[in-house]
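Only one structure is covered here, and it is reproduced in the block below.
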Amino acid sequence: MNGSVETFDFIVTGAGSAGCAVAGRLSENGKYRVLLLEAGGPDRNPWIHIPLGYTKTYTNPRVNWMFESEPEQQLNGRTLYQPRGKVLGGTSSINGMVYMRGTPSDYDNWRQRGCEGWDWESVLPFFKRAENQERGADEHHGTGGPLNVSNPVRCPLGDAMVQAAIQAGIPANDDFNGPRQEGAGYYQTTTSSRRRWSAARAYLRDASNRPNLKIVTKAHATRVLIENGRAVGVEYRTPQGLFTARCRGEV
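Throughout the sequence shown, residue numbering follows our numbering, covering 7 to 257 in sequence.
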């Protein structure tokens with residue numbers, strides 16, 4: 007084990023969509039020292055940033071954990087492929103970039119089941135604050151946030167498919183991030199200037215230069231250190247060896 011032990015205010019394990027946002031936000035004011043660990047490598051693979059490149063990263067073990075589900079009785083014992091990002095940005099760096107919120111009634115049901123603060127009216131401001139929406143700011147959309155959300159490029163084939171769905175009785179929907187998510191139409195994507203806009207680009211692009219944020223890639227967390235029932239650090243392995251990081255605040 008490496009002898010040096012660094013101490014941080016917060017340690018975030020996993021630089022996926024949530025991890026990037028948490029680390030980026032915690033390090034904003036410069037008050038806290040934050041460590042962000044990611045088992046995968048940096049997001050330098052050019053296929054990550056080309057929108058159509060997800061067809062290349064979909065089965066690339068260098069950036070994809072390539073999980074398989076457990077055998078399902080209802081599938082005659084078959085398993086299902088579960089691609090998950092193993093790279094800075096997590097699955098937001100390898101997915102299809104579709105940007106669509108959940109149905110408002112889903113969030114309201116969470117509140118009814120006891121999840122205080124998770125009803126639609128409570129979470130909508132956070133969706134809007136995160137967005138830099140190409141459609142502009144209104145009741146359902148926000149601008150000025152770190153996550154670029156763009157309108158799709160329309161094409162004749164796509165138009166024909168939407169019209170066919172409408173003719174079949176499926177209602178048209180011009181905005182899946184509006185008041186309802188059902189219907190036929192074009193969805194928006196997390197892209198900007200024809201490039202993928204992952205959580206890493208959204209939350210770490212500027213934050214990575216902050217002196218109070220340390221980002222370590224190819225760092226596989228192996229153990230959470232517990233003392234008196236409280237998480238006080240993380241043990242992680244890199245190609246250079248085994249390291250320990252201590253935490254004054256939260257892991």
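Idealized CB from N, CA, C, for every residue including glycine.
Status (buried if at least 16 other CB within 10 Å, exposed otherwise) for residue i
{"i": "Val-11", "result": "exposed"}
{"i": "Ile-221", "result": "buried"}
{"i": "Ile-54", "result": "buried"}
{"i": "Gln-139", "result": "buried"}
{"i": "Asn-75", "result": "Before going on, a small fix: residue 75 reads as Ser here, not Asn. With fewer than 16 Cβ atoms within 10 Å of its Cβ, Ser-75 is classed as exposed."}
{"i": "Thr-13", "result": "exposed"}
Residue interval of the alpha helix (DSSP H) (run including residue i)
{"i": "Ile-232", "result": "That residue, Ile-232, is in no alpha helix (DSSP H); its beta strand (DSSP E) goes 226-233."}
{"i": "Cys-26", "result": "23-32"}
{"i": "Ile-54", "result": "52-55"}
{"i": "Thr-63", "result": "60-63"}
{"i": "Val-168", "result": "162-173"}
C-alpha distance - residue i paired with residue j, whole-angstrom precision
{"i": "Leu-163", "j": "Cys-253", "result": "54 Å"}
{"i": "Ser-198", "j": "Asn-183", "result": "17 Å"}
{"i": "Asp-15", "j": "Gly-91", "result": "26 Å"}
{"i": "Gly-30", "j": "Ala-190", "result": "35 Å"}
{"i": "Gly-235", "j": "Phe-249", "result": "22 Å"}
{"i": "Ser-111", "j": "Ile-176", "result": "20 Å"}
{"i": "Ile-56", "j": "Asp-49", "result": "12 Å"}
{"i": "Asn-154", "j": "Leu-210", "result": "14 Å"}
{"i": "Pro-131", "j": "Arg-200", "result": "27 Å"}
{"i": "Glu-34", "j": "Ala-213", "result": "7 Å"}
{"i": "Gly-247", "j": "Val-230", "result": "17 Å"}
{"i": "Asp-144", "j": "Glu-137", "result": "12 Å"}
{"i": "Gly-95", "j": "Arg-141", "result": "25 Å"}
{"i": "Thr-85", "j": "His-146", "result": "38 Å"}
{"i": "Pro-185", "j": "Ala-251", "result": "45 Å"}
Simplified DSSP state of residue i, which is helix, strand or coil
{"i": "Tyr-113", "result": "helix"}
{"i": "Leu-219", "result": "strand"}
{"i": "Phe-133", "result": "helix"}
{"i": "Val-11", "result": "strand"}
{"i": "Leu-210", "result": "helix"}
{"i": "Leu-42", "result": "strand"}
{"i": "Val-96", "result": "The identity of residue 96 in the sequence shown is Gly, whereas the question assumes Val. Note: Gly-96 maps to helix in three-state DSSP."}
{"i": "Glu-127", "result": "helix"}
{"i": "Gln-80", "result": "helix"}
{"i": "Gln-187", "result": "coil"}
{"i": "Ile-143", "result": "Residue identity differs from the one stated: residue 143 is Ala in this sequence, not Ile. Correct three-state label for Ala-143: coil."}
Residue from the options whose Cα sits closest to the Cα of residue i
{"i": "Arg-160", "options": "Asp-180, Asn-35, Gln-118 and Pro-67", "result": "Asp-180"}
{"i": "Thr-61", "options": "Val-238, Ser-99, His-146 and His-226", "result": "Ser-99"}
{"i": "Tyr-242", "options": "Thr-223, Arg-39, Glu-233 and Lys-134", "result": "Thr-223"}
{"i": "Ile-232", "options": "Pro-52, Arg-68, Ser-128 and Glu-256", "result": "Glu-256"}
{"i": "Tyr-38", "options": "Gly-22, Arg-216 and Arg-135", "result": "Arg-216"}
{"i": "Asn-101", "options": "Val-240, Ala-45 and Trp-71", "result": "Trp-71"}
Residue i: CB within 7 Å of a non-hydrogen atom of the ligand NAP
{"i": "Lys-62", "result": "As far as ligands go, the structure on display features none, and thus does not contain the ligand NAP."}
For residue i, the first and last residue of its enclosing beta strand (DSSP E)
{"i": "Ala-251", "result": "247-256"}
{"i": "Gly-239", "result": "236-244"}
{"i": "Leu-153", "result": "153-155"}
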